Amino acid sequence: MTVHNRAAFLENIAKKLGRSKSLTDKPIISWNHQPQHEVLKGATKDELVEVLIEHCENIHTEVKVCSIPSLAQTLEEVIQGYGKGSIIYSNDERFNELQIDSFLQSQPDTFKWQPALLDKNKEAAEKTNIGIVISDMTLAESGTIMLQTNENVGRTISFLPQNSIAIVPKSSIVPRFTQAAQYLRNLDDPVSTCINFITGPSNSADIEMHLIVGVHGPVKMTYIIVEDY
Amino acid sequence: MPMKISNDKFTDRLETNLKDELMRNAVASAQSRLQSRRSIAAQQLGNWEEWRNHGEEIRKHVLEYLDYYLYELSENVAERGGHVFFAQTEEEAANYITSIAKQKEAKKIVKSKSMVTEEINLNTHLEAIGCSVVETDLGEYILQLDDHDPPSHIIAPALHKNRNQIKDVFADKTAYTNSSKPEELALHARKILREEFLTADIGITGCNFAVAETGSICLVTNEGNADLVTALPKTQITVMGMERLVPTFEEMEVLVSMLTRSAVGQKLTSYITVLTGPKKTIEVDGPEEFHLVIVDNGRSSILGGEFQSILQCIRCAACINTCPVYRHIGGHSYGSIYSGPIGAVLSPLLGGYDDYKELPYASTLCGACTEVCPVKIPLHELLHKHREVIVEKEGRAPISETALMQAFGFGTGKSSVYKLGSKVASTVMKPFVNEEKIKKGPGPLKQWTDYRDFPSPEKERFRDWFEKRSKGGSNHDRS
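So, in structure tokens, the structure goes:
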């Protein structure tokens, strides 16, 4: 952990800004404008679900809505739609709570992320057809899932497989990015080394502005909204 | 490639680009689409002016306290196990990064799109020590394969190429045998680049925003390439322009929300990734080592001066997508990796007037750029300031006739350029034309039209008109 050349660099900036030495005290922040809090203000959870579903059409993402008891069946349908094949999913306790861990374990070619297996996890993700994760917070406005990755929730589960499924607990849905930013700021523990905000499958318009869905990351994506309360 | 992308004279660049119908059509069509998507996104969000006010106050605050926020950022990056290198110059940044590559005995480096690494000519420095450097953004990859063709737009770098040209590049360089269908081209790139991600020693990224409070960096993409660049190689190096930071996640989200809408009309792009330090020992994917290189490279000389507000820029390209001049001359005419209004202001500041003195005149000063800027940079005023500096301090005043000609088509000497340029002007001037006369000319025309009506360039070229006019001919006389 090294910091090189800082003093001279910052002093030069301070000088340009008309200060004799660089600041080390936090400035007071007081914003005059805060429009972000007005977006979807006061919307009910059901209204947010509607906003989310509607926006998924724009982001090339399929949406299913189901209850906890029917989640396994819904998941099975989506997996079939993706041509079955191998599955990788995160080592997230919520798979158990949502009663689908045993279903996933019963599938013929399933891999659950395990830190002890080191690089084998990445190798599995690279060969896998479907990656499954659970959203930590879901932004209705933009149709975005948030993942705080860690040793049990690998980053590459959402990027290397051809198809991606995100389980979206209804309780995780908030109006927009603003609420996620506030949540992250208020955490007691340091933030995850990687936080992914994912909005549909990967895409590019670099060739003639023609939208291509599926470039480096997943080609297809489904959100399964689970009524968890 | 360095910031300067051409050694040709400005007028020669214009001549070449104005003749390139294919490129100009591609640019015009892309610009229209991006412009309309931005405008719909801003409208849908509502309250856009309040968002712009907030965007502006955030960026102004950060610049005002830049020394503090860089201090806080570096403290927090180090706290989370990362290394921070402050680089005053291109050479310092390149030397540090190449020293890491040597130390890691790196053979292959994958990169996600980054303007600042272009600015410091990083690929050339890394290639000079024997590293293979692979650009992984699809547009950048196409350009790299095509013998390092320069980018013509900061968001859509390969905008000037069509699918057939891209197919030919792929066929020539990667034994591609399929059609020119974009989906097939992209699938081909996916397969090649997937292998590169998996075998790279180092991943290099730019930085959309760094977050001082947590020592995080935020990357905004649609392809997901930045995520693979940072998840797979053992070493991650992030290079950021020193002004690209925010106090906390709360300001980050506001600026990201404005960036994605302004750039491509999306509420958010597919991937917004917030990375903090190297991976924990127990984690499986992510880099074992993280280096943040904070680059000045001329930025501090802009601070505290009359051009400071250009450092508010969040690189969304909304100004480029709305500029009538960019639409007609294309990105390569600017001779810099930074094109359009932002490029016309920034390039002379970072690269000097010797190379970029004409760029502030590559504008009608119509103010459309200023109106769309999400952080309210007064771009057209800064362009005007540049002209004042050039005239007053540099002693390189273009004579008023030249300025006028430039407003029409930027031809300064060669008549062929001028003729081409004046054809262009007819469309550039359209919004200002009233009954075939330019009533309220933008930019350099303003002073003229204050007291005389200008004939529309559509039917008569200025040079011809001017000759007739000075001989007492009527400006309605088109015989």
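Respectively, the protein sequence lines represent chains V and D. So for the first sequence, my numbering puts the first residue at 2; every next one is plus one. So for the second sequence, my numbering puts the first residue at 263; every next one is plus one. The C-beta atom is built at its ideal place from N, Cα and C for all residues, glycine as well. Computed from a predicted structure; not experimentally measured.
Closest in alpha carbon position to R95 (chain V), among V:S172, V:M2, V:T62, V:H211, is V:S172.
Taking the beta carbon of E283 (chain D) as reference, no residue of chain V falls within 9 Å; the closest one sits roughly 15 Å away. Among the residues facing chain D, E152 (chain V) is included, as its CB has a counterpart in that chain under 7 Å away. Contacts between H38 (chain V) and chain D, judged by CB atoms closer than 8 Å, are missing: the closest CB pair is about 10 Å apart.
Rounded to the nearest angstrom, the gap between the Cα atoms of N197 (chain V) and M263 (chain D) is 30 Å. When C-alpha distances from P509 (chain D) are compared across D:T500, D:T522, D:T535, D:I479, the shortest belongs to D:I479. Checking the DSSP bridge columns, you'll see Q149 (chain V) partnered with V:I196.
At a beta-carbon threshold of 7 Å, the residues of chain V lying near G548 (chain D) are R156, T194, C195, ordered along the chain. Burial of L407 (chain D) is indicated by the presence of at least 16 other C-beta atoms within 10 angstroms of its C-beta.
DSSP places Y327 (chain D) outside any beta strand (DSSP E), giving it a letter other than H or E. Taken in chain order, the whole alpha helix (DSSP H) runs of length 4 or more contained in the segment 263-349 of chain D are 272-281, 283-307, 310-326, 328-341.
K121 (chain V) and G132 (chain V) have their C-alpha atoms some 15 Å from each other. For T632 (chain D), there is no enclosing beta strand (DSSP E); the residue is part of the alpha helix (DSSP H) that begins and ends at 630-634.
Shown here, C585 (chain D) sits in coil according to DSSP, grouped into three states, outside any helix or strand.
About 6 Å separates the CB atoms of G144 (chain V) and L53 (chain V); that is less than 8 Å, so the two are in contact. For A304 (chain D), the closest alpha carbon among the candidates D:Q528, D:N559, D:P586, D:T398 is that of D:Q528.
Taking a Cβ-Cβ threshold of 9 Å, the residues of chain D close to G19 (chain V) are G566, in chain order.
From the listed residues D:A488, D:A493, D:E475, the smallest Cα separation to E512 (chain D) is found for D:E475.
Your pair E319 (chain D) and W32 (chain V) checks out as a contact, with CB atoms roughly 6 Å apart and the cut at 8 Å. The segment 397-404 of chain D makes no contact with the segment 572-591 of chain D; the number of CB pairs closer than 8 Å stays below 3.
Beyond the five residues adjoining it in sequence on each side, T150 (chain V) comes within less than 8 Å, by CB distance, of R156, S193, T194, C195, I196, N197 in the same chain, given in chain order. Under the Cβ criterion of 7 Å, T145 (chain V) is counted among the residues facing chain D. Boundaries of the beta strand (DSSP E) around L537 (chain D): 533-538.
For a Cβ distance threshold of 9 Å, residue set N6, A9, F10, N13 of chain V lies close to Q350 (chain D), ordered along the chain.
Going by DSSP, S524 (chain D) is part of the alpha helix (DSSP H) stretching over 511-526. Annotation for A182 (chain V): the continuous alpha helix (DSSP H) segment containing it runs 178-186. Within the DSSP secondary-structure output, T111 (chain V) pairs in a beta bridge with V:I88. Rounded to the nearest whole angstrom, the CA to CA distance from K281 (chain D) to K423 (chain D) is 15 Å. For T497 (chain D), the uninterrupted beta strand (DSSP E) run begins and ends at 497-503, by DSSP. If the five residues before and after E228 (chain V) are omitted, its C-beta is found closer than 6 Å to the C-beta atoms of S68, K171, all from its own chain and listed in chain order. Between T75 (chain V) and K85 (chain V), the C-beta spacing is not below 7 Å.
Annotation for E228 (chain V): the continuous beta strand (DSSP E) segment containing it runs 221-228. Think of a sphere of 7 Å around the beta carbon of P509 (chain D): the chain V residues whose beta carbon falls inside it are I30, in chain order. In the three-state scheme derived from DSSP, where H, G and I count as helix and E and B as strand, S609 (chain D) is classed as helix. Annotation: A340 (chain D) to A167 (chain V) spans about 33 Å, alpha carbon to alpha carbon. Against chain D, the CB of T25 (chain V) has a partner CB under 7 Å away; the residue lies at that interface.
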